[in-house]
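The opening position of the sequence shown corresponds to residue 56 in my numbering, with each subsequent residue numbered one higher. No residue lacks a Cβ here, since even glycine has one placed at the ideal position from N, Cα and C. Taking it in order: structure first as structure tokens, then the write-up.
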Amino acid sequence: MSNLFSGPGPDAVFAAALAEGRFMLQQCDDCKKHVFYPRVLCPHCGSPKLAWQPASGQGTVYSTTVVRRKPEQGGDYNVALVDLHEGPRMMSRVEGVAPAEVKIGMRVRAKVVNDDGVGLVVFEVEDTK
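See below:
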């Protein structure tokens with residue numbers, strides 16, 4: 056039997072993909088469900104057979120809040136829970152609109168940004184035109 060813990064851990068694989076500008080999700084080979092955050096075992100069925108797949112990037116805002124900061128500290132920003140098209144929910148932020156303009160049900164699209172050398176997944180409002 057192979058060692059589940061050989062090689063880089065799932066967090067390191069996810070971070071390396073983000074560093075390359077790619078947003079990847081794990082998908083279970085047994086139950087076919089997608090997984091986020093990166094794991095060693097499928098939380099749905101317990102299988103160790105998790106494969107990396109490119110994420111569609113599509114999502115819908117499930118919940119949002121505005122974090123208030125003084126302007127000299129960078130100003131207000133939003134924190135959103137986004138339901139990904141593939142099924143998992145992740146916490147991030149929606150950029151390109153005022154924090155208070157982010158609404159539940161808003162369709163968004165992921166993008167990978169570099170934040171001081173670290174790849175992060177953020178979202179932008181999806182153009183509905």
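| query | result |
| --- | --- |
| In whole angstroms, give me the CA-to-CA distance for GLY112 and ASP171. | 22 angstroms |
| With DSSP as the reference, identify every bridge partner of GLN128, one or two as the case may be. | Answer is none; GLN128 lacks a bridge partner. |
| Applying the criterion that 16 or more other CB atoms from any shown protein chain within 10 Å of the CB defines a buried residue, is ALA74 buried or exposed? | exposed |
| What does the Cβ neighbour count give for ALA165, buried or exposed, with the cut at 16 atoms within 10 Å? | buried |
| What three-state label does DSSP hand VAL116 in the structure shown? | strand |
| When the Cα atoms are used, what is the spatial distance from MET79 to PRO109? | 4 angstroms |
| Note down the Cα distance separating VAL134 from CYS100, rounded to an integer number of angstroms. | 30 angstroms |
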